[in-house]
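Asks: The structure's right below; bear with me while I get my questions together.
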Amino acid sequence: HQGCDVFVVPAMGSHGGATAEGQVEVLAHLGITAERIGAPIRSSMEVVEIGSVVSAHGNAVGLVMDAIAWNEADIVVPVNRIKPHTGFKGPVESGICKMLAIGLGKHEGARRLHGEGYEVFDSLILAAGRAILATGKVGFGLGLVENAYGDLAAIEAMPAAAVVGREQSLLEEARRLMPRILLPTVDVLVVEEFGKNISGVGMDANVTGRGELGVALPGFDGPSIARIVVLGLTAETGGNAHGIGLADVITERVFGEIDRHATWVNALTAGSLACGRIPIARPTDAAAIAAAIHSLPGVAPERARIVRIKHTLHLFEIAVSENLLDECRRVEGCEVVGEWDGSWGS
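All residue numbers for the sequence shown refer to the working numbering, where the first residue is 10 and numbers rise by one.
Take a look at the structure:
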């Protein structure tokens, strides 16, 4: 309506196997196609140098941007979900600044920034975002915040000059709205669906407490979880099982669906080798769950505290072992609604 000639550029770093075709496929899995949005999708892994920042290590880190976006667009409009990250904590985490620095930087940009390590991301992502915004290429950003049900709670357009400040405020709102398991300890967490469309590491570390580097997520105040079992990958993840190494047991079905190339490119680029490891695989759901239960030291199977979820964005209903029912009744915000029939609400 404003006379603009719009096109879409994938901004996902090394995802999609770090190929132009793979990134278009990832968008399609998410329901984003040229036909659906009414604009062409122009995908390339070519980048151009646009500046540099200095990391907390004292290293100069070159910044790059997708060549099509930089050379052929009058303005760039980043659109991203703003939420807590799974590997670091800072004033900005997953959101507009990270998309500008790493997502639009494609594989090369992701490699450069991740090469400095998550331990400096709290300052590096902020500095990189500010530097890219200062080029004048970004017209405005569109930030999305989801609630605990995975629904949109806020959509905010912000001019380039306001992006950093508004993103920090929206991150705090997203953190407040994050879904969480309200029990203090869980022996076995069973996750039915795992994938990049749910979290960058397949299951949100802000729910499980298992950070992207294979260690406890800093500042995590959720339950202590002894074992995690993953039963299936989502269709939308396209075989990218980055983060599967944070689980303890998987099914043979999951093992067979893993695209090892896409998964390992993601893990190597992010510098999070733990995410690319492959857990013990068992032939059936029941066998995988039993393996996790029997691996618990000093816990009789009938006393195991078991929680089963659809995925980490779907926590408004969970299934628990019978020995947890009385405790659930005493937890503020929990309601026991009846015996689980094996299905989940929408």
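Yeah, the Cβ is synthetic: ideal placement off N, Cα and C, and Gly gets one too.
Short check: CB of Gly114 to CB of Leu72, under 8 Å?
Replies: Yes, Cβ-Cβ distance for Gly114 and Leu72 is below 8 Å.
Asks: If distances are taken between C-alpha atoms only, which option among Ile318, Ile289, Arg317, Thr293 comes closest to Ser304?
Replies: The candidate whose alpha carbon is nearest that of Ser304 is Ile289.
Asks: According to the Cβ coordinates, are Thr95 and Asp230 closer than 8 Å?
Replies: Not in contact: Thr95 and Asp230 (Cβ atoms no closer than 8 Å).
Asks: Exposed or buried, what is Asn332 when buried is set at 16 or more other beta-carbons lying within 10 Å of its beta-carbon?
Replies: Classification of Asn332: exposed, given that the 10 Å Cβ count is below 16.
Asks: Can you tell which of Gly150, His320, Arg339 has the C-alpha that lies nearest to the C-alpha of Ser352?
Replies: Here the closest residue by C-alpha is His320.
Asks: Going by DSSP, what residues sit across from His320 in a beta bridge?
Replies: Paired residues: His323.
Asks: Considering only residues of the segment 91-177, which uninterrupted alpha helix (DSSP H) runs meet the minimum length of 4 residues and lie entirely inside it, listed in chain order?
Replies: Complete alpha helix (DSSP H) runs here, min 4: 115-123, 130-142.
Asks: Alpha helix (DSSP H) containing Asp294: first to last residue?
Replies: Segment 294-303, the alpha helix (DSSP H) holding Asp294.
Asks: Helix, strand or coil for Glu336 per DSSP?
Replies: It is helical.
Asks: Quick one: what's got a C-beta closer than 7 Å to Gly204's C-beta in the same chain, skipping five residues either side?
Replies: Counting only Cβ-Cβ distances below 7 Å, and skipping sequence neighbours, we find Gly211, Leu242, Thr243, Glu245, Thr246.
Asks: Nearest to Asn275 by alpha carbon, out of Ser52, Ile111, Glu55?
Replies: Of the listed residues, the one whose Cα sits closest to Asn275 is Ile111.
Asks: Considering only their Cβ atoms, is the gap separating Val340 from Leu191 smaller than 8 Å?
Replies: Yes.
Asks: So for Ile234, helix, strand or coil by DSSP?
Replies: Of the three classes helix, strand and coil, the one that applies to Ile234 here is strand, per DSSP.
Asks: Here's a check: name, in chain order, each residue in its chain whose Cβ is nearer than 7 Å to the Cβ of Asp294, leaving out the five neighbours to either side.
Replies: Answer for Asp294: Leu240, Thr260, listed in chain order.
Asks: Near Leu180, what residues of its chain come up, given a Cβ to Cβ distance below 8 Å and the 5 sequence neighbours on each side ignored?
Replies: Ile91, Lys92, Pro93, Pro100, Val101, Glu102, Gly104.
Asks: Let me know the secondary structure DSSP gives Val63 once reduced to three states.
Replies: In this structure, Val63 counts as strand in the three-state DSSP scheme.
Asks: Between which two residues does the beta strand (DSSP E) holding Ala76 run?
Replies: Ala76 -> not in any beta strand (DSSP E); alpha helix (DSSP H) instead, spanning 76-81.
Asks: Considering only C-alpha positions, which residue in the set Asp196, Gly209, Arg262 is nearest to Arg314?
Replies: The residue with the shortest Cα to Cα distance from Arg314 is Asp196.
Asks: Does the Cβ of Ala69 have 16 or more other Cβ atoms within 10 Å, making it buried, or fewer, making it exposed?
Replies: Counting Cβ neighbours within 10 Å, Ala69 comes out exposed, since fewer than 16 surround it.
Asks: What is the DSSP secondary structure of Ala258, counted as helix, strand or coil?
Replies: Contrary to the premise, residue 258 reads as Val rather than Ala in this sequence. DSSP places Val258 in strand when its eight states are reduced to three.
Asks: Please confirm whether Val238 and Asp257 have their CB atoms less than 8 Å apart.
Replies: For Val238 and Asp257, yes; Cβs fall inside 8 Å.
Asks: Could you work out which residue in Val308, Gly354, Glu182, Asn156 is closest to Pro188 when comparing CA atoms only?
Replies: The shortest Cα separation from Pro188 among Val308, Gly354, Glu182, Asn156 belongs to Asn156.
Asks: In the DSSP output, which residue or residues are listed as bridge partners for Ile41?
Replies: BP columns for Ile41 are empty, so no partner.
Asks: So the candidates are Gln177, Val200, Val173; which of them puts its Cα closest to the Cα of Ala140?
Replies: Selected option, being the one with the closest Cα: Val173.
Asks: Taking buried to mean at least 16 other C-beta atoms within 10 Å of its own C-beta, is Gly152 buried or exposed?
Replies: Counting Cβ neighbours within 10 Å, Gly152 comes out buried, since at least 16 surround it.
Asks: Compute the beta-carbon to beta-carbon distance between Ile84 and Val147, rounded to the nearest angstrom, for a pair I have assumed lies under 8 Å.
Replies: Sure, about 7 Å apart at Cβ, within 8 Å.
Asks: Please state whether DSSP places Arg361 in a helix, a strand or coil.
Replies: Any property of residue 361 remains undetermined from this structure, which presents the chain solely from 10 to 355.
Asks: Look at Ala271 and Gly31 and say whether their C-beta atoms are less than 8 Å apart.
Replies: Yes, the pair counts as a contact, with Cβ atoms nearer than the cut-off.
Asks: What first and last residue would you give for the alpha helix (DSSP H) that runs through Thr217?
Replies: Segment 214-217, the alpha helix (DSSP H) holding Thr217.
Asks: From Ile287 to Cys13, what distance separates their C-alpha atoms?
Replies: Each residue's Cα considered, the two are about 47 Å apart.
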